[in-house]
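Q: Residue numbers (my numbering): 302 to 631.
Sharing a structure, written as structure tokens. Questions coming.
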């Protein structure tokens, strides 16, 4: 729809008439000799070269008013206003922390079809759907093994996040499980967050193996920074090797310290239910902002003004040339 940014400029349209009324052309009355036969006497005389014969036709007045209207229309800043565009701001920042240590290659995780696969493959299949369902949230992904890495910074581009998730393989980040360092990296990632709801969903199948900061201490710092950590254990708490034994007590302490929840997952269906429960528990609606795109059209009346001036000047030149040709022919 067409709108004017400064419609008050059109109020100046009758200004020329006001000027003529307040400051009319100077008229002077001088004595003159009245000659009754003046028209008959002057009929045989032609206008001499260089003589000025003022005239003002109706078309000239229309032309002048049209130019004045275009000037005011340009000052009024016409613009085309498009349909409303709405955007929903992020309601939450959700960071997914995924263990990709070598133990995630263990084939004891039941998939949706009942077949056993690697723990990481089962986690990836569930997370793919979880990420795809994000609407009002920004999503991020941290992977960790011997060191933590930000694979996906906070984004609303779920397609890119899912594509990067699909590239994960067990052992890509080393064979260890730096759980505390992963929490510390997540805290740094939340530093630039502008939303109040900051959630870290931490999934692992083992115990911390040498982080520079203990997981429970990192959880205390996370709590002070407003980060809620939900922990999910997918390993075997009864494993004989300490490196493969999931530390349930630490996972519970991390969740409790930050106001989060602890969960156990043994198959893909159970893991999907856990993510759905966490999602529903902290669900929020993002603030919606609306605006209408505006396309400036000031150049249209300005270009029309220039075009009319050029055409008017060209028409005047042609009229003078034709008049001279006519006078030369006579």
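We put the beta carbon where it would ideally sit given N, CA and C, even for glycine.
All of these numbers come straight from a predicted model, not from anything done at the bench.
1) Between the alpha carbons of residue 437 and residue 496, how many angstroms are there, rounded?
2) Grab me the residues of residue 403's own chain with a C-beta within less than 7 Å of its C-beta, minus the 5 sequence neighbours each way, in chain order.
3) Looking only at C-alpha atoms, which of 378, 358, 315 sits nearest to residue 369?
4) How about residue 442 and residue 466: are their beta carbons less than 8 Å apart?
5) Could you have a look at residue 418 and say whether DSSP puts it in helix, strand or coil?
6) According to DSSP, is residue 438 helix, strand or coil?
7) On the three-state DSSP scale, how would you describe residue 375?
8) Flag this pair as yes or no: are the beta carbons of residue 533 and residue 575 separated by less than 8 Å?
9) Does residue 383 come out as helix, strand or coil in the three-state DSSP assignment?
10) Mind checking who residue 398 pairs with in its DSSP beta bridge?
11) Report the residue from 379, 520, 568 whose alpha carbon sits nearest the alpha carbon of residue 307.
12) Could you tell me the distance, in whole angstroms, from the CA atom of residue 325 to the CA atom of residue 363?
13) Compare the C-alpha of residue 494 against each of 623, 478, 365, 392 and name the closest.
14) Rounded to a whole number of angstroms, what is the C-alpha to C-alpha distance between residue 614 and residue 318?
15) Please name the residue, chosen from 514, 491, 547, 521, that lies closest to residue 508 on a Cα-to-Cα basis.
16) With burial defined as no fewer than 16 other Cβ atoms inside 10 Å of the residue's Cβ, what is the status of residue 302: buried or exposed?
17) Where does residue 456 sit, in a helix, a strand or coil, going by DSSP?
18) Should residue 596 be labelled buried (16 or more other beta-carbon atoms within 10 Å of its own) or exposed?
19) If distances are taken between C-alpha atoms only, which option among 474, 408, 517, 358 comes closest to residue 554?
20) For residue 444, which of 426, 434, 486, 458 has the nearest alpha-carbon?
21) Taking C-beta to C-beta, are residue 569 and residue 411 nearer than 8 Å?
A: Let's see:
1) 12 Å
2) Closer than 7 Å at Cβ, skipping near neighbours: 471, 472, 476.
3) With distances taken between CA atoms, residue 369 lies nearest to 315 out of 378, 358, 315.
4) yes
5) strand
6) strand
7) helix
8) yes
9) coil
10) Residue pairing by DSSP places residue 398 opposite 443, 503 in a beta bridge.
11) 379
12) 20 Å
13) When only C-alpha atoms are compared, the closest one is 392.
14) 24 Å
15) Out of 514, 491, 547, 521, 547 has the C-alpha closest to the C-alpha of residue 508.
16) exposed
17) strand
18) exposed
19) 517
20) The residue with the shortest Cα to Cα distance from residue 444 is 486.
21) yes
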